[in-house]
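Heads up: the sequence shown begins at 159 in this note's numbering, then just goes up one per residue. What follows is a short report on a single structure.
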Amino acid sequence: MPVTLLAVDDSVTMRKVFEMTFGGEEFRVVTAENADAALALLKSEKPALVLADITLPGKSGYDLCAAIKRDNPGLPVLLMSSKLNPYDKARGQAANANDYVDKPFDTQKLIDRVNSLLSGEKTAPVQGAPKATPAPYRAPAALGATLVGQGPPRPQVNKPAPVVTPTGAQPVNLRATADFAVRPAA
159 MPVTLLAVDD SVTMRKVFEM TFGGEEFRVV TAENADAALA LLKSEKPALV
209 LADITLPGKS GYDLCAAIKR DNPGLPVLLM SSKLNPYDKA RGQAANANDY
259 VDKPFDTQKL IDRVNSLLSG EKTAPVQGAP KATPAPYRAP AALGATLVGQ
309 GPPRPQVNKP APVVTPTGAQ PVNLRATADF AVRPAA
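What follows is the structure in structure tokens.
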């Protein structure tokens, strides 16, 4: 029987990413676009884990996490954010989130974190509740080990650029600025 995950994100694209990443026989993904819809689904779907973005319309992911932990303290919650603010992780911990992931994320690392939470490695199980122990899951081959939100690798610059300077000026090492080179369109 597949393990149910609840993915909460206001982005349709991100909800599809979760469905693709965790699609298959091991997991069943149900999605919600806001905290209120997620709280309603918690009653009917009984997920084993909740993945939630912190920026949602209405209540935030932090508010959602706090509400979940108030009613279901043993339910693991993994919060995510693309804002990369240093206080986001601390605020997630204050809401009793079990883990925190920055977007963009590596799909295999997200899968590993979910497996870790489901096996109880990062959270203490609720007394009397059985521990979920699904087999470790790997990303579908079609996804590979992609970093969601990132493009293809940058081309390597193999030859030094010519140095052109006025008399007496210091030459500029253009090789050091190769990371800023314009990539050809894919």
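We treat Cβ as the ideally placed atom computed from N, Cα and C, and that holds for glycine. Just so we're clear, the structure is a prediction, and the values are computed from it rather than from any experiment.
- Message: For Val-259, tell me which candidate among Leu-268, Ala-253, Ala-195, Leu-276 has the shortest Cα-Cα distance.
- Response: One-based indexing of the sequence shown puts residue 259 at position 101. Among Leu-268, Ala-253, Ala-195, Leu-276, the Cα nearest to that of Val-259 belongs to Leu-268.
- Can you pull the DSSP bridge partners for Tyr-258? As a working note, residue 258 is residue 100 in the sequence shown. Note: Tyr-258 sits in a beta bridge opposite Leu-237.
- Message: Let me check understanding here. Comparing Cα to Cα, which of Lys-217, Pro-215, Ala-196, Gly-216 lies closest to Leu-207?
- Response: Residue numbering aside, residue 207 sits at position 49 when the sequence shown is read from its first letter. Minimum Cα distance to Leu-207 is reached at Ala-196.
- Query: Taking the Cβ atom as the reference point for each residue, do Val-166 and Asp-194 lie within a distance shorter than 8 Å?
  - Reply: Here residue 166 is taken as the residue at index 8 of the sequence shown, counted from 1. Here residue 194 is taken as the residue at index 36 of the sequence shown, counted from 1. The answer is no: Cβ separation not under 8 Å.
- Return the chain-ordered ranges of every beta strand (DSSP E) run that is complete within the stretch 199 to 234 and spans a minimum of 3 residues. 207 to 211
- Query: So, using beta-carbon positions, are Val-161 and Phe-185 closer together than 8 Å?
  - Reply: Taking the first residue of the sequence shown as position 1, residue 161 is located at position 3. Taking the first residue of the sequence shown as position 1, residue 185 is located at position 27. Result yes, Cβ atoms of Val-161 and Phe-185 sit closer than 8 Å.
- Item | Residues near Asp-246 by beta carbon distance below 6 Å, same chain, minus five either side | On the sequence shown, residue 246 is found 88 positions in, with the first residue counted as 1. So the list reads Ser-239, once near-sequence residues are dropped.
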